[in-house]
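Inspection log for the structure reproduced underneath, given as structure tokens.
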Amino acid sequence: MRNAALVLGIIAGLIGMLVGFFSFGYVEAIEHFGEIDGLAEQLENADLVQMTSIIAPMLAIAGGAMARARALWGGVLLLVSAAGMYHAFGFNVFTMFPIAFAAVGGVLGVAAGKPDEPKAHF
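Using this note's numbering, read the sequence shown as starting at 7 and increasing by one per residue.
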């Protein structure tokens, strides 16, 4: 489960980075060039989108990287990343895979325990 959380977290972070690049760039382009009525309008939560574009993929990659050594912490970071992406970007065709991969990786990380210990994390 730890290896699966690691792989899912890194994949979620990489795909989340692509979504983040385009979201951050869209907000910056609208700020620089202005709105086009009916075609390109500024987002209501532009600051949230820009902040989440940076933080959520970073949390997913860090959570995936931590999943082997510290499965609980890595799982929590993956779940926070999935929640952040869902809150800022919503669930659509571009975000369904990073959100789903981060959420499944987070659940696997939280559920994983060391094989030689009778208890998972506590």
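Each residue gets a CB set at the ideal place from its N, CA and C atoms; glycine is no exception. In this text, all values refer to a predicted model and were calculated from it rather than measured experimentally.
When DSSP assignments are scanned along the segment 60-125, the uninterrupted stretches of alpha helix (DSSP H) that are 4 or more residues long and fall wholly within it turn out to be 77-95, 102-117. If you draw a straight line from the Cα of Gly69 to the Cα of Val25, it is about 18 Å long. In the DSSP annotation of this structure, Glu50 is not part of any alpha helix (DSSP H), being labelled neither H nor E. If you ignore the 5 residues before and after Ser59, its C-beta comes within less than 6 Å of the C-beta of Gly26, Ser29, Phe30, all in its own chain and listed in chain order.
Segment contact: the segment 83-95 against the segment 103-118, three or more CB-CB distances shorter than 8 Å; contact assigned.
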